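Novice: Starting off with a structure, shown below.
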Amino acid sequence: MANSAVPRPRRIGEQIRRDLAELIRAELRDPRLTLVSTTSVEVSRDLAYARIYVTAVCEPNERAELVAELNRAAPLLRRGLGQRLRTRTVPKLEFRYDETVERGARLSALIDAAVAADAERHRDEVPPSAETGSEDAA
Numbered sequence: 000m001a002n003s004a005v006p007r008p009r010r011i012g013e014q015i016r017r018d019l020a021e022l023i024r025a026e027l028r029d030p031r032l033t034l035v036s037t038t039s040v041e042v043s044r045d046l047a048y049a050r051i052y053v054t055a056v057c058e059p060n061e062r063a064e065l066v067a068e069l070n071r072a073a074p075l076l077r078r079g080l081g082q083r084l085r086t087r088t089v090p091k092l093e094f095r096y097d098e099t100v101e102r103g104a105r106l107s108a109l110i111d112a113a114v115a116a117d118a119e120r121h122r123d124e125v126p127p128s129a130e131t132g133s134e135d136a137a
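Position 124, counted from 1, in the sequence shown is what numbering that gives the first Met the number 0 calls 123; the numbers after and before it change by one each time, with no gaps.
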């Protein structure tokens, strides 16, 4: 079996992620939810629970409301998953906002600012390789 190297909960999680992306767009009428992206799904070993991490293009104060709306729609989405998945049971869905993308962007901006500050601080210094090269020429 080719899929035996990948644990079953991970395979089911990836299928849930793909199917939920379609279901959220097709089944939910809330226009705010059209901008939701499912970043990852963690499925319990017994396939009873699935934690779905989502991101969206929205204001920080709207995130909690967005996740609450998805959690209210979870039974409808779970029913839709039941029609698509070929499993005996369909996991109970719990949505959470995924802050890793924004955290990564903040860290990247901090690193860029530190590099720029370091370059500005050492702008007037001569690099060590340039000093040794001038001594060899003399």
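Quick reminder that beta carbons are idealized off the backbone N, C-alpha and C, glycines included.
Note that the structure is a prediction, hence the values are computed from the model and not measured.
With distances taken Cα to Cα, identify the nearest neighbour of Phe94 among Ala55, Glu124, Arg105, Gly81.
Specialist: Nearest option by C-alpha distance: Ala55.
Novice: Look up Thr99 in the DSSP assignment and say whether it is helix, strand or coil.
Specialist: In the structure shown, Thr99 sits in a helix (DSSP, three-state: H, G or I).
Novice: Where does the unbroken alpha helix (DSSP H) through Arg10 begin, and where does it stop?
Specialist: Taken as a continuous stretch (DSSP letters only), the alpha helix (DSSP H) holding Arg10 covers 7-26.
Novice: Going by DSSP, what residue range makes up the alpha helix (DSSP H) through Glu64?
Specialist: Residues 62-71.
Novice: Among the candidates Leu69, Val5, Asp18, Ala4, whose CA atom is the shortest distance from the CA of Arg85?
Specialist: Ranking the options by Cα distance to Arg85, first place goes to Asp18.
Novice: Nearest to Leu65 by alpha carbon, out of Gln82, Ile23, Asp45?
Specialist: Looking at the Cα atoms, Ile23 is the closest of the given residues.
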